[in-house]
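Asks:
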Amino acid sequence: MTRAALTLAVDLPANASVLLVGGTASDVLSGLALANARTLRLVLARDEHPHTLAALERVGITHQLAAGTARERRIGTPQTPTAAEVVLFSSGTSGTPKAALHGLNRLADSVRIPNGVDADDGWMLTFNPSTYAGLQTLLTAGLAGCRLIDVFGIGIADVAAFSARSGATHASATPTFWRAFLAASSFEKPPLRQITLGGEAVDQAILDALRAAFPTARLTHIYASTEAGYVFSVQDGRAGFPASWLSDPDPRVRIEGEMLMVRAMSRMERYLGALSPFEGDWVRTGDLVQVKGERVVFLGREDTMLNVGGNKVSPEAVEDVLLSVGVSDAHVYGIPNPITGKLVAADVSWHRARTRRELASC
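In this text, residue positions in the sequence shown follow this note's numbering: the first is 839, and each later residue adds one.
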């Protein structure tokens, strides 16, 4: 798929805001308003241009051709600003997705902009823009004043090629995305200076692989969720987070049993149509962790544990072992068994350069 170098410039006033965001970058931009009226420039596919302008018109945002070019459009002021809140849907991994209501100012305050970002830089959008991670990417690019390179929903080979041609310098994505990206971009790589991982547990294998592929880039693992919002980030290139954080005078993390508890200052206001489920600042994450020496490591999700003959097995922990011995990607799951309840199964893809003998060591 070929993507045109269209630039969509969005200037939004200080009193504009958002009620609900939709499914594409176009839909999100049609409702999104940045509190400080920064400009957000978006690189879109050529075939999405009519959809973009139609989405903007539906919510009363006017547009006109910018002087000097027919490929850039400047967006005017929304006719009727709405409440400064945004509705984001959870992933639904543990049940039906829920509509989480966030205050826009709190979302913007949680954005962390790396030093040295300028207007010529390009931030790659890989997440669904109507999710928490996607909206944070939009906000980050907008507040930093750089280009947003929209690659959500296209094939990984096209993403790899387009990111290199468009000069992507910053990118936020899941570990699963990064594994596929590295496999697809072995010959042509973008000039990435900032690599951000989130949305899934981050294993040491993917951190090491990214460091080898982009030795000068800064690696950042962000821990966040739709409900809790941004919690913390780790930039030392190691999986997990420092155990010393548990003894901070004003801690943002603690462990109860094996459950990670976080003090979520950027948490949602409430679920849409319901009262806030939180009591105080501390949020039960559903992530199980363990202290190993000077590190807190993630064991997996509480709701994904497999019961194998009365023993709890973490699919994520098994995946970490597989990924450390030459497997490029792995999916571990349980299959029914009349004796043990579950048996552990795995679907794997391995690096062609590695031998079956190496894989047998796991």
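Where a beta carbon is used, it is the ideal one built from N, C-alpha and C, also for glycine. All of these numbers come straight from a predicted model, not from anything done at the bench.
1) Kindly indicate the opening and closing residues of the alpha helix (DSSP H) around ARG1003.
2) What is the DSSP secondary structure of ARG1031, reduced to helix, strand or coil?
3) To which residues does DSSP link SER1152 through a beta bridge?
4) Any idea what DSSP makes of GLY1067, helix, strand or coil?
5) In chain order, what residues of the same chain have a beta carbon less than 6 Å from the beta carbon of GLU1065, not counting five sequence neighbours either side?
6) Starting from ASP988, follow the beta strand (DSSP E) in both directions and report where the run begins and ends.
7) Find out if the Cβ-Cβ distance for the pair THR1123, MET1143 is shorter than 8 Å.
8) Using DSSP's beta-bridge definition, name the partner residues of GLN1128.
9) Three or more C-beta pairs closer than 8 Å, one from the segment 959 to 975 and one from the segment 1058 to 1076: is that the case here?
10) With DSSP as the reference, label THR1058 as helix, strand or coil.
11) Assign GLU1107 to one of three DSSP states: helix, strand, or coil.
12) Only counting the same chain, and skipping five residues up and downstream in sequence, which positions put a Cβ closer than 8 Å to that of ALA1183?
13) For ILE913, name the three-state secondary structure that DSSP assigns.
Replies: On the basis of the data shown:
1) Here the question's residue 1003 lines up with position 165 in the sequence shown. First-last of the alpha helix (DSSP H) with ARG1003: 994 to 1003.
2) Here residue 1031 corresponds to residue number 193 of the sequence shown, with the count starting at 1. Here ARG1031 sits in coil by DSSP.
3) Taking the first residue of the sequence shown as position 1, residue 1152 is located at position 314. The partner list for SER1152 (beta bridge, DSSP) is empty, contrary to what the question assumes.
4) Here residue 1067 corresponds to residue number 229 of the sequence shown, with the count starting at 1. Three-state result, GLY1067: strand.
5) On the sequence shown, position 227 is the one that residue 1065 refers to. So the qualifying residues of the chain are ALA938 and MET1106.
6) Along the sequence shown, read from residue 1 onward, the residue named residue 988 stands at position 150. Counting along the chain, the beta strand (DSSP E) containing ASP988 begins and ends at 985 to 988.
7) The residue labelled residue 1123 in the question sits at position 285 within the sequence shown. The residue labelled residue 1143 in the question sits at position 305 within the sequence shown. It is not a contact, given that the beta carbons lie outside the stated cut-off.
8) Position 290 of the sequence shown holds residue 1128. For GLN1128, which the question treats as bridged, DSSP gives the partners VAL1135.
9) Yes, the segment 959 to 975 touches the segment 1058 to 1076.
10) The residue labelled residue 1058 in the question sits at position 220 within the sequence shown. Reduced to three states, the DSSP call for THR1058 is strand.
11) Taking the sequence shown and counting its residues from 1, the one referred to as residue 1107 is at position 269. Residue state, collapsed to three classes: coil.
12) Reading the sequence shown from its first residue, position 345 is the one you call residue 1183. So the list reads VAL1170, TYR1171, GLY1172 and ILE1173, once near-sequence residues are dropped.
13) Residue mapping note: residue 913 aligns to position 75 of the sequence shown, counting from 1. Reliability fails at ILE913, whose pLDDT of 36 lies under 50, so the model's placement of it is uncertain and the value that follows must be treated cautiously. If DSSP states are grouped into helix, strand and coil, ILE913 belongs with the strands.
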